[in-house]
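Participant: Residue numbers (numbering that gives the first Met the number 0), protein chains in the order written: chain Z, 0 to 406; chain E, 0 to 406.
Think of the CB as a built atom: it goes at the ideal place given N, C-alpha and C, for glycine as much as any other residue.
2 protein chains.
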Amino acid sequence: MTIQLEAAQKMLLDMVQTLGTEVLPLAQCSQRVLAETVTAELNFPPFDRSPLDGYAVIAADVQAARPDSPVVLRQIDMIAAGSVSRAVITSGTACRIMTGAPLPSGATGVVRVEDTDFADGMVRIFAGGGIDQNICRAGEEIAAGEEVIQAGTVINAGVMGMLAVLGKACPLVYKKPKVSLLATGSELVSPDMPLAPGKIRNSNSYMLSGQVENAGGRPAFLGQARDEVEAIASVIAAAPACDMTITTGGASVGDYDLIGEVFARLGIDILFEKVSIKPGMPVLAGVKSGKMFIGLSGNPAAASISFETLIRPVLLKMGGRQRWQRPKIRATLARDFCKSSEARRFVWAYWWQDGKAMLVEPLHYQGNGMLKSAMGANCLIVIPTGTPPLASGSEVDIELLAEGVVR
Amino acid sequence: MTIQLEAAQKMLLDMVQTLGTEVLPLAQCSQRVLAETVTAELNFPPFDRSPLDGYAVIAADVQAARPDSPVVLRQIDMIAAGSVSRAVITSGTACRIMTGAPLPSGATGVVRVEDTDFADGMVRIFAGGGIDQNICRAGEEIAAGEEVIQAGTVINAGVMGMLAVLGKACPLVYKKPKVSLLATGSELVSPDMPLAPGKIRNSNSYMLSGQVENAGGRPAFLGQARDEVEAIASVIAAAPACDMTITTGGASVGDYDLIGEVFARLGIDILFEKVSIKPGMPVLAGVKSGKMFIGLSGNPAAASISFETLIRPVLLKMGGRQRWQRPKIRATLARDFCKSSEARRFVWAYWWQDGKAMLVEPLHYQGNGMLKSAMGANCLIVIPTGTPPLASGSEVDIELLAEGVVR
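#1: Quick one: what's Z:C337 bridged to in DSSP?
#2: Can you round the beta-carbon distance between Z:C28 and Z:M243 to whole angstroms, since I take them to be within the 8 Å contact cut?
#3: Could you tell me whether the Cβ atoms of E:V172 and E:T38 are closer together than 8 Å?
#4: For the stretch 91 to 155 of chain E, which segments carrying the beta strand (DSSP E) assignment without a break, of at least 3 residues, lie completely within its bounds, in sequence order?
#5: Consult DSSP for E:F292 and reduce its assignment to one of helix, strand or coil.
#6: Confirm, please, whether the CB-CB distance from E:A237 to E:I231 is below 8 Å.
#7: Return no unless some Cβ of chain E is closer than 8 Å to the Cβ of Z:Q352.
#8: For Z:L180, write down the residues that DSSP places opposite it in a beta bridge.
#9: For the ligand FMN, any of its heavy atoms closer than 7 Å to the Cβ of Z:P24?
#10: According to DSSP, is E:R225 part of a helix, a strand, or is it coil?
#11: Quick one: is Z:K9 buried, meaning 16 or more other Cβ sit within 10 Å of its Cβ, or exposed?
#12: As a quick exercise: from E:A240, E:L314 and E:M374, pick the residue whose alpha carbon is nearest that of E:K287.
#13: DSSP state of E:Q365, grouped into three classes?
#14: Strictly by DSSP, which residues pair up with E:G259?
#15: For the stretch 220 to 245 of chain E, list every residue whose C-beta sits within 7 Å of some C-beta in chain C, in sequence order.
#16: Going by other Cβ atoms of all chains shown within 10 Å of its Cβ, with 16 needed for buried, is E:C337 buried or exposed?
#17: For E:C135 and E:V122, what's the separation of their Cα atoms in angstroms?
#18: Which of the three DSSP states is assigned to E:L18 in this structure?
#19: Excluding the 5 residues preceding and the 5 following Z:V234 in the sequence, name in chain order all residues of the same chain whose CB lies nearer than 7 Å to its CB.
#20: Mapping the DSSP letters down to three states, classify Z:A300 as helix, strand or coil.
#21: Can you check whether the C-beta of E:V405 is within less than 8 Å of a C-beta belonging to chain Z?
#22: State yes or no: is the beta carbon of E:Y205 nearer than 8 Å to at least one beta carbon in chain Z?
#23: From the beta carbon of E:L41, is the nearest beta carbon of chain Z less than 8 Å away?
#24: Pick out whichever of Z:P383, Z:E402 and Z:I57 has its Cα sitting closest to the Cα of E:R325.
#25: If you check the beta carbons only, do E:T331 and E:E398 fall under 8 Å apart?
#26: Ordered along the chain, which non-local residues of its own chain (more than five positions away) have a Cβ less than 7 Å from that of E:P50?
#27: Could you pull out every residue in the same chain whose Cβ sits closer than 7 Å to the Cβ of E:V408, ignoring the five residues on either side in sequence?
#28: Between E:D60 and the rest of its own chain, which residues show a CB-CB distance below 6 Å, the 5 nearest in sequence each way excluded?
#29: So which residues of chain Z does E:V22 contact, with C-beta pairs closer than 9 Å?
#30: Can you tell me whether E:R344 is buried or exposed, with buried defined as 16 or more other CB within 10 angstroms of its CB?
#31: For Z:E398, name the three-state secondary structure that DSSP assigns.
#32: So which residues on chain Z does E:D76 lean against when the C-beta distance must stay under 8 Å?
#33: Would you mind sorting E:G285 into buried or exposed? The rule is 16 or more other CB atoms within 10 Å of its CB.
#34: Check whether the Cβ atoms of E:S296 and E:G279 sit closer than 8 Å, and answer yes or no.
#35: Quick one: is E:T183 buried, meaning 16 or more other Cβ sit within 10 Å of its Cβ, or exposed?
#36: So, is the C-beta of Z:A322 closer than 8 Å to a C-beta in chain E?
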């Protein structure tokens, strides 16, 4: 049974749960997904503070100060960053204050040190207008009680800094989905082995491991298995626990006879067998005891697209993300695309801007192997079902790859 | 001395060398940078092979085959993927062949199994046109001797697969630059400590650690140091070896008096002190024994932009990348930007496409703290020197962040 991509996505997404959580030191949280909504316990800044080096004063005292008619005040204290002064500013007095230091009691403005001159305990103020703006107010950036970061947020550099501001030294983050990868095919050998006649190296497991990592998962390698139900089933059954198992390759007539038998042998319930996309139509999806089992084509072009369109969203959801769509934009084909597309088609491609036009070049053209295309891609072109060959200049949808190539 | 951004970038890039290399198991190489150009030792595919399940035949034998007038051939062998047949196809004979199996000697085409019928050792062929296309030729994707992947390539999923194809089980990759991070400021406490009066938490080191990781580096935390030359110098002097040391914060008048003294005490030669950008002008850059020392502002807005514009390219070069520019496009402001820009200005922003228009919204507006802007950004707006306030609808350059937010 062939089903539509959206139906297949929904079936898988509805089936999986977001994984459990773990507490990690903040230093290890870059690019992880936050599993708790973080509320500010305190204002930030926690106190009125000076954004510059200068003198804390009563603003009304110095409002009339001019270079040719300075106001003279008595310095009563000096406040370094990190220190608190017990001084109280009254009319006629000032406090030397450093960047980041808390404002002393009574102060209503800060004069820049460049606009002052100090001698014998007295400071002369040469400019005093608008100095009430030179205060960072408590709670100006963050108010106590504010929900500052939502659960499901990817921890980028800004979020790292904000978690530190909020004192979240050990945030709760989602676990990374662990994905076992098994390549099936009697022709396959590990990349570290010499090639006997008739053999090729297992590349699908390595390509998919990169895709799993990009989707926030942890790949686990189960190696290669011969095209025998017993051999494949026993490797899967003996594998360490994981959240998802992906096989590549089937055998003989109807790509999934063999993997279908393996899944049956292991008591895995089949959800669907084919998805209406090209490449990547054969996708045997099954479930057992809440764990997901996916059989992909042994053709790298098909396996990589099935993964991107169908499996990646599932891993992102498992890993706690709120969104699993890639950024999508319209772009103009810079080269003919000669194939017609009976099913929705995905094409590895490279986009760039020329003037105001967003251009895109399909990389999967004649003579260029699929892995070469995937190596150089920074987007995927999405061509709707029933589209004839497309001439250069046609408009297409593209999905941007964050981990794409810059040239 | 204030220097232009390009001059500062060039000075730093010219000073640093690409780091050394290490050999890693391929499974650990995702997103690392390849340090060797990889040449194919063999053709790929290594032999003529069948892309489908069917029958290997002599194409001329079956050219006239039609559903109502099948051609009948004698099956002389069956070839599974991974096996080699000693059979020789002669006129009147055929070999059953599986996807990925090597073509037997003499065969010049493969008939799809769907177009055949088998009984009693004989196969009936119902369609035989164009079957010479059903062969993947040896070397069709990769020719022996071809330079397939260049040194400096970032190992994405496609490259992972290609390295496996080529038998590079343990590629040579560049080491990741190790960057020590020290926050200076007597007001700073670690994020896991309670806040005494006048104190705030060290957020810069955590924000920068995220930026270092995004630039392919390995952050090392040196904690916080009080605003004292001796304290700061001794932490830096005692730190484990690294490729670059970044401090944040200085103290008192002229942001870098203190760090300038620290660098002098440590015998670090100063390259420059200020760069003509906003925010992020104060950047004290120094070098000693080939190691780089950078003093950034304690203001997170300034530190983050100095890092993105100036330090990130240096880390990318150290880590073996050939390119350190971000993808840059033109976009249209979707909101007024009220500040004028005497120096080149960088603004955290969010871009999206609306119809064919690329729109961008500056996030660093009034009332929104800098870290909140960085949390939600997917690009940086670059505003040239001497630009007045910009009205909604103005065109601007934006640099895309790969690790940006999707909403």
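Facilitator: Straight from the coordinates:
#1: Walking along the first sequence from the start, residue 337 of chain Z turns up at place 338. The partner list for Z:C337 (beta bridge, DSSP) is empty, contrary to what the question assumes.
#2: Walking along the first sequence from the start, residue 28 of chain Z turns up at place 29. Walking along the first sequence from the start, residue 243 of chain Z turns up at place 244. Going by Cβ atoms, the distance from Z:C28 to Z:M243 rounds to 23 Å, so no, they are not a contact pair.
#3: Within the second sequence, residue 172 of chain E is the residue found at index 173, counting from 1. Within the second sequence, residue 38 of chain E is the residue found at index 39, counting from 1. Cβ atoms of E:V172 and E:T38: not closer than 8 Å.
#4: 92 to 96, 108 to 111, 115 to 118, 121 to 124 and 146 to 148
#5: Sequence index remark: in the second sequence, residue 292 of chain E carries index 293 (1-based). Residue state, collapsed to three classes: strand.
#6: One-based indexing of the second sequence puts residue 231 of chain E at position 232. One-based indexing of the second sequence puts residue 237 of chain E at position 238. Contact: no.
#7: On the first sequence, residue 352 of chain Z is found 353 positions in, with the first residue counted as 1. It does; some Cβ of chain E falls within 8 Å.
#8: Within the first sequence, residue 180 of chain Z is the residue found at index 181, counting from 1. According to DSSP, Z:L180 bridges with Z:F220 and Z:I245.
#9: Among the ligands in the structure shown, none appear at all, so the ligand FMN cannot be discussed.
#10: Against the second sequence, residue 225 of chain E aligns to sequence position 226. Residue state, collapsed to three classes: coil.
#11: Along the first sequence, read from residue 1 onward, the residue named residue 9 of chain Z stands at position 10. Exposed, since its Cβ has fewer than 16 Cβ neighbours within 10 Å.
#12: Taking the first residue of the second sequence as 1, we reach residue 287 of chain E at position 288. Ranking E:A240, E:L314 and E:M374 by Cα distance to E:K287 puts E:A240 first.
#13: For the purposes of this step, residue 365 of chain E is taken as residue 366 along the second sequence, with counting starting at 1. No answer about E:Q365 holds up, because its pLDDT of 46 lies below 50 and its placement is not dependable.
#14: Here residue 259 of chain E refers to the residue found at position 260 of the second sequence. Answer by DSSP bridge pairing: none, since E:G259 is not bridged.
#15: Here chain C cannot be found, since the structure's protein chains are Z and E.
#16: Along the second sequence, one-based indexing puts residue 337 of chain E at 338. Exposed, since its Cβ has fewer than 16 Cβ neighbours within 10 Å.
#17: Locating residue 135 of chain E in the second sequence gives position 136, counting from the first residue. Locating residue 122 of chain E in the second sequence gives position 123, counting from the first residue. Going from the Cα of E:C135 to the Cα of E:V122 covers about 23 Å.
#18: Translated into the one-based positions of the second sequence, residue 18 of chain E becomes position 19. Looking at E:L18 - three-state DSSP - the assignment turns out to be coil, as it is neither helix nor strand.
#19: The count along the first sequence starts at 1 and reaches residue 234 of chain Z at position 235. Once the five neighbours on either side are set aside, the close Cβ partners of Z:V234 are L181, L221 and A224.
#20: On the first sequence, position 301 is the one that residue 300 of chain Z refers to. The answer is helix: DSSP assigns Z:A300 an H, G or I state.
#21: The residue labelled residue 405 of chain E in the question sits at position 406 within the second sequence. So, interface residue.
#22: If you number the second sequence from 1, residue 205 of chain E lands on position 206. Closer than 8 Å to some Cβ of chain Z, the Cβ of E:Y205 qualifies, so yes.
#23: Against the second sequence, residue 41 of chain E aligns to sequence position 42. So, interface residue.
#24: Position 326 of the second sequence holds residue 325 of chain E. Checking every option, the nearest Cα to that of E:R325 belongs to Z:E402.
#25: Working through the second sequence from its first residue, we reach residue 331 of chain E at position 332. Working through the second sequence from its first residue, we reach residue 398 of chain E at position 399. No, the pair does not count as a contact, with Cβ atoms beyond the cut-off.
#26: The count along the second sequence starts at 1 and reaches residue 50 of chain E at position 51. The residues are T98, N133 and C135.
#27: Here chain E comprises residues numbered 0 to 406, so residue 408 of chain E is not present and cannot be evaluated.
#28: As a position in the second sequence, residue 60 of chain E is number 61, starting the count at 1. So the list reads S90, once near-sequence residues are dropped.
#29: By 1-based counting over the second sequence, the position of residue 22 of chain E is 23. Within 9 Å Cβ-Cβ: nothing; E:V22 doesn't reach chain Z, min ~12 Å.
#30: Walking along the second sequence from the start, residue 344 of chain E turns up at place 345. With 16 or more other Cβ atoms within 10 Å, it is buried.
#31: For the purposes of this step, residue 398 of chain Z is taken as residue 399 along the first sequence, with counting starting at 1. The answer is strand: DSSP assigns Z:E398 an E or B state.
#32: The residue you call residue 76 of chain E lines up with position 77 of the second sequence. Here the premise fails: no neighbours, minimum Cβ distance about 13 Å.
#33: As a position in the second sequence, residue 285 of chain E is number 286, starting the count at 1. With 16 or more other Cβ atoms within 10 Å, it is buried.
#34: Against the second sequence, residue 296 of chain E aligns to sequence position 297. Against the second sequence, residue 279 of chain E aligns to sequence position 280. Yes, the pair counts as a contact, with Cβ atoms nearer than the cut-off.
#35: In the second sequence, counting from the first residue as 1, residue 183 of chain E sits at position 184. Burial call: buried.
#36: Numbered from 1 along the first sequence, position 323 holds the residue referred to as residue 322 of chain Z. The residue you asked about is not Ala; residue 322 of chain Z is Arg in the sequence shown. Answer yes: the Cβ-Cβ gap between Z:R322 and chain E drops below 8 Å somewhere.
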